[in-house]
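When the letters of the sequence shown are read in order and numbered with the working numbering, they come out as residues 1412 to 1932.
The beta-carbon is built from N, C-alpha and C at its ideal position, and this holds for glycine as well.
A short worksheet on the structure shown next.
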Amino acid sequence: MTATLVLHNGTVHTLNRSGSIHSAVAINGETIVRVGDLDAVRDLIGRETEVIDLDGRTVLPGFVDAHTHLEVTAHIRRLWIDATLSSPAEVIEAIEQAVRSRPPGEWIVVSSGFREPLPAKAVLDKIAPQHPVIVRRTMHVQMANSLAFGRSGLSPSNPRPKPGCRLEIGPDGEFTGLVEEAFDLFAVPEPSPQQLQAALADTAREMFTSHGVTTIYDMPASVEGVRCLQRLASARALPVRVRLHPILPPVHQGIAPLSHYTDIGLLSGFGDDWLRFGGVKLFVDGHERAAATNDAMHGGRDQSRYALLPRTYEQLVREVTVAMAGGVQIWLHAWGDYAQQLAIEAVEEASRATGITDHRTRIEHMLNAGYTSIDLDRVRAAGIVPVPQASFLKGDQPTDGLPKYVFRDAIDHGLRPAGSSDCTGSQPTLVNPWVGIEAMVARTNKSGITVDAGQAIGLTDALRVYTGNSAYAGFEEHVKGSIEPGKLADLAVVETDPYTVPADELASIKTAMTIIGGNSR
């Protein structure tokens, strides 16, 4: 056997169980065949072998981003007005410019900064009286003008047209413009399949492959988005490996009910190494502002304003049980501790009912807040995988007295938290895994303030969060997450060995090359 590709003269951090370090790696086709020094792989070098001198660069396992929204990100980066790094004044200016350049009646959709204040509905009505306008802060929260509501047939008499969403009503009985978990209720025109497919490919390359991400666990936002990914995969044109986890109704972007997957016997893992069905996602509560916390549910806050609950506990248990029995992995969005408690109990009930223990049901956003009400030993015993977003620490978090991003606690309790960006394009700089890795190790936010230093973890643990742990969260640890013979040749080549970089400078590490299946992308 000869290798198709050999990398040598670098530092190869395998991140295998022993943490071995080498200087060369040999690849045949899409698979790693040997790791060692140049002498160890020399006999695999043939006339047709491509040999790359790393010139001192460092090789790591390709990163696995365990929670992404590629289609939403593609809309923001390629199809809507991207104002994610703009000030509130610049957002208004972008809308005014769109009003001048677009014919009356054409929709204007803007994505603003993650924590920037949204423009008031009255302001949007004034600057765009003839254009329906929506300004998105995230996929969960938007501000719409009067024409957007009118063109979509939405009425103040029905502020919750489906479970788990809210259209805010003011004291005057009219829409305030604030919309939560209901963007899909607006009649925003869809792009053509050709536009969407090109946007998906370009965005995957720009946002993920360029940062050494070789696999994403993704939530498609539409049926057409799923079709586009299949077309790209068939044409061998996907820039990154994708594992699909469609969202279940009734929440926004819910594509199809659980029965559509289980009734035809679709199992998690169906597909190939480039595009697979991974499972489904359902919401237990809403976004951060609409989280079901014990405080919200037990009198500390007005439950009618907070705690969006799209399904009852009985419905939750039924869906988790049916999915588990049918071999479909479940992701549970649960931001608040009350929602997380419901999720844990539902998983425990489903596991008892089915007898399945290695189900790896995931709780999305668990560990972002260190709720004292959540027993991490119980989480581990239930077979749950927490999926937090370390890079969110880089934002200026609200002060609520809770510890944040409790990776140290999780690892000490035997959990394997997965690394993820929750990329919707609203925080483009946080897609880079090195931002999350720096956050876990250095624990400083964007203002340089140290956040819960006691929750810091070492660099090796942080790297494993974005590699082996994420692969484990998708039942893929046998082919991804470390550099070992027999695993997929998915590698991130970086300019600098991270073990030589100060903790608070890890986010500055540059990707020199991303290799997926033995080919540079």
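Here S1831 is buried: its Cβ has 16 or more other Cβ atoms, across all protein chains shown, within 10 Å. In the assembly as shown, Q1664 is a buried residue. Its beta-carbon has 16 or more other beta-carbons within 10 Å.
Proximity of the stretch 1747–1764 to the stretch 1613–1623 falls short of the contact definition, fewer than three beta-carbon pairs being nearer than 8 Å. DSSP, reduced to helix, strand and coil, places M1618 within a helical segment of the structure shown. Residue pairing for I1438: DSSP places it in a beta bridge opposite L1416, I1443.
With 16 or more neighbouring CB atoms inside 10 Å of its own CB, R1548 falls in the buried class. DSSP places E1461 within a strand segment (E or B) once states are collapsed to three.
Non-local beta-carbon contacts of V1790 in its own chain, meaning distances under 8 Å to residues more than five positions away in sequence, involve I1755, I1774, M1777, P1797, H1824, L1826 in chain order. Contact between A1531 and V1521 does not hold, since their C-beta atoms are separated by about 14 Å, which reaches or exceeds 8 Å.
With a contact defined as Cβ atoms closer than 8 Å, D1748 and N1705 qualify at about 5 Å. When C-beta atoms of the stretch 1640–1650 are compared with those of the stretch 1488–1500, fewer than three pairs fall below 8 Å, so the two segments do not count as touching. For I1848, the uninterrupted alpha helix (DSSP H) segment begins and ends at 1844–1853. Around the CB of S1802, 16 or more other CB atoms lie within 10 Å, so the residue is classed as buried.
Closest by C-alpha distance to T1768, out of S1603, E1601, M1735, is M1735. Proximity of the stretch 1458–1470 to the stretch 1570–1588 falls short of the contact definition, fewer than three beta-carbon pairs being nearer than 8 Å. Residue state for D1769 is assigned as coil, using DSSP reduced to three classes. Between E1441 and G1929, the CB-CB gap stays under 8 Å.
Excluding its 5 nearest sequence neighbours in each direction, A1900 has C-beta neighbours in its own chain below 7 Å: I1438, E1441, T1442, I1443, I1926, G1928, G1929, listed in chain order. Membership of P1570 in any alpha helix (DSSP H) is not indicated, and neither H nor E is assigned to it by DSSP.
DSSP lists K1692, R1773 as the beta-bridge partner residues of W1742. With a 10 Å radius around the Cβ and a threshold of 16 neighbouring Cβ atoms, P1604 comes out exposed.
At the C-beta level, L1659 and D1696 stay beyond 8 Å of one another. Around the beta carbon of Y1910, a 10 Å sphere encloses fewer than 16 other beta carbons of the protein chains shown; the residue is thus reported as exposed. Residue nearest to A1750 within the set T1479, D1674, Y1782, T1469 is Y1782 (criterion: CA-CA distance).
In this structure, R1654 sits near G1689, with a CB-CB distance shorter than 8 Å. G1865 and P1528 have their alpha carbons spaced roughly 32 Å apart. Judged by DSSP secondary structure, H1671 falls within the alpha helix (DSSP H) whose first and last residues are 1670–1673. Distances from the alpha-carbon of D1684 to those of W1845, V1890, A1609 put V1890 closest. Ranking A1703, I1741, V1423 by CA distance to the CA of G1575 puts A1703 first.
Here the alpha carbons of T1878 and K1921 stand approximately 17 Å from one another. Judged by their CB atoms, A1867 and V1846 are not nearer to each other than the 8 Å cut-off. The alpha carbon of L1565 has as its nearest neighbour, out of A1598, A1533, D1536, H1542, the alpha carbon of A1598. In this structure, the CA atom of F1594 is about 29 Å from the CA atom of K1815. Secondary structure note for E1635: its alpha helix (DSSP H) is the uninterrupted segment 1634–1645. A1632 sits buried, since 16 or more C-beta atoms from the chains shown fall within 10 Å of its C-beta. Shortest Cα-Cα distance from I1795 to any of T1422, L1753, R1489 involves L1753.
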